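For the sequence shown, the UniProt record's numbering puts the final residue at 194, and the numbers step up evenly by one. For each residue, glycine too, the CB sits at the ideal point set by N, CA and C. Model, not experiment: these values are computed from the prediction.
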Amino acid sequence: MDKRSLRSRLRLHRALRDLMVDTPPDSISVEALARHAGVTRQTFYAHYSGIPQLIEEHLDTMLDEIAARHRATFRDADAAVDPDRLRQLMASVFADLDPDDPRLIALLNGAVGTEPETRFGALLERFLAEGDPEGSAALAPGAQAMHARFFAAGFVGVLRHWVALGPGRPDPELMAERLADLCLYGRKGLCPFT
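See below:
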């Protein structure tokens with residue numbers, strides 16, 4: 001992508017974020033967005049067919065970043081999940097998410113129909129297949145997809161909860177540690193009688 005196109009796309013993303021602070025995405029016109037971004041409507045349509053595609057691109061970027069971090073964190077690991085590496089991965093993801101970003105809030109609330117659980121589930125299914133090919137091959141048909149959807153729903157649900165807590169929310173490292181422990185151990189050892 002050339003610099004000019006990249007600059008236009010970044011301006012549109014910033015403008016959408018600014019406008020969504022006070023306005024739901026389905027109430028923002030392309031004309032208002034382009035004006036706020038300092039680009040023409042033609043420039044907008046050169047990159048996107050509508051505002052939902054701009055929000056979907058935001059989700060794509062987040063998922064691509066999570067995938068890159070996962071590869072970097074686990075590239076030299078064996079099939080067993082190292083708890084410290086999982087905590088490190090989740091901490092980096094939570095730390096770099098802006099819980100007040102209205103685009104993230106819209107994605108989590110399903111306002112634009114991007115189905116974050118489904119998309120994240122597909123990514124996790126790939127992580128499971130690549131990280132533990134023998135274990136994945138031994139599963140009954142459909143089990144891998146179910147496992148991935150379980151963890152995806154957990155991650156997205158916890159992220160949704162964390163965002164909804166508002167300014168008093170726990171810090172990203174604590175949320176990442178709690179989520180990693182739940183993924184690894186469930187509630188075992190976290191409650192007095194488990």
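CB residue i to CB residue j, shorter than 8 Å?
i           : j           : result
residue 163 : residue 99  : yes
residue 143 : residue 120 : no
residue 74  : residue 135 : no
residue 33  : residue 19  : yes
residue 83  : residue 180 : yes
residue 11  : residue 37  : yes
residue 51  : residue 25  : yes
residue 43  : residue 8   : yes
Just confirm the distance between the C-beta atoms of residue i and residue j, as a whole number of angstroms; I'd bet it's less than 8 Å.
i           : j           : result
residue 125 : residue 140 : The Cβ separation is near 15 Å, so there is no contact.
residue 13  : residue 47  : In fact, because the Cβ distance is near 10 Å, the residues do not count as touching under 8 Å.
residue 85  : residue 176 : About 12 Å separates the two Cβ atoms, so there is no contact after all.
residue 154 : residue 123 : Going by Cβ atoms, the distance from residue 154 to residue 123 rounds to 14 Å, so no, they are not a contact pair.
residue 94  : residue 172 : 4 Å
Alpha carbons only, please: which of the options is nearest the one belonging to residue i?
i           : options             : result
residue 31  : 16, 146 and 145     : 16
residue 102 : 54, 76, 128 and 91  : 54
residue 108 : 56, 2 and 150       : 56
residue 63  : 6, 146, 104 and 170 : 104
residue 200 : 93, 94 and 106      : Since the first residue of the chain shown is 1 and the last is 194, residue 200 is not available in this structure.
Would you say the beta carbon of residue i comes nearer than 7 Å to a heavy atom of the ligand NAP?
i          : result
residue 20 : Ligands are entirely absent from the displayed structure, and the ligand NAP is therefore not among its contents.
Is DSSP giving residue i helix, strand or coil here?
i           : result
residue 108 : helix
residue 140 : coil
residue 49  : coil
residue 3   : helix
residue 29  : coil
residue 18  : helix
residue 60  : helix
residue 38  : coil
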